[in-house]
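The structure appears right after this line, and notes come after that.
Numbering (this note's numbering), first residue to last: 346 to 442.
Okay, structure coming up:
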């Protein structure tokens, strides 16, 4: 990311009620700060939501964006695909993640 000198970002895996989930984690330069959960738009964990998390990291927050679609993405011109991904997402799993 472009803010790499002041933040650290990585894709992380974490246990989620007997399953594994992943997400994009950003830490400020200090390595610590208040935590913020950032929820993706219906496109999935795309570059624009990562930029938002990066900005929060630059502002001193630890930001986590869970990948609720488990690696699936829709481009911003793929409205039908985004709708399909959102409708196929198990709500109970997303709430646990």
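Even for Gly, the Cβ is constructed at its ideal location relative to N, Cα and C.
- Here the alpha carbon of residue 375 sits roughly 19 Å from the alpha carbon of residue 397.
- Under the three-state reduction of DSSP, residue 383 is assigned to coil, being neither helix nor strand.
- Residue 368 and residue 356 have their alpha carbons spaced roughly 6 Å apart.
- The beta carbon of residue 362 lies closer than 7 Å to those of 441 in the same chain, with the five residues before and after it left out.
- Of the candidates 387, 354, 379 and 428, 387 places its Cα closest to the Cα of residue 413.
- Sequence-distant partners of residue 365 (beyond 5 residues in either direction) whose C-beta falls short of 6 Å from its own C-beta, in its chain, are 358.
- With a beta-carbon spacing of about 6 Å, residue 410 and residue 390 fall inside the 8 Å limit used to define contacts.
- Per DSSP, the unbroken beta strand (DSSP E) holding residue 372 starts and ends at 364-373.
- The C-alpha of residue 351 is placed about 32 Å away from the C-alpha of residue 427.
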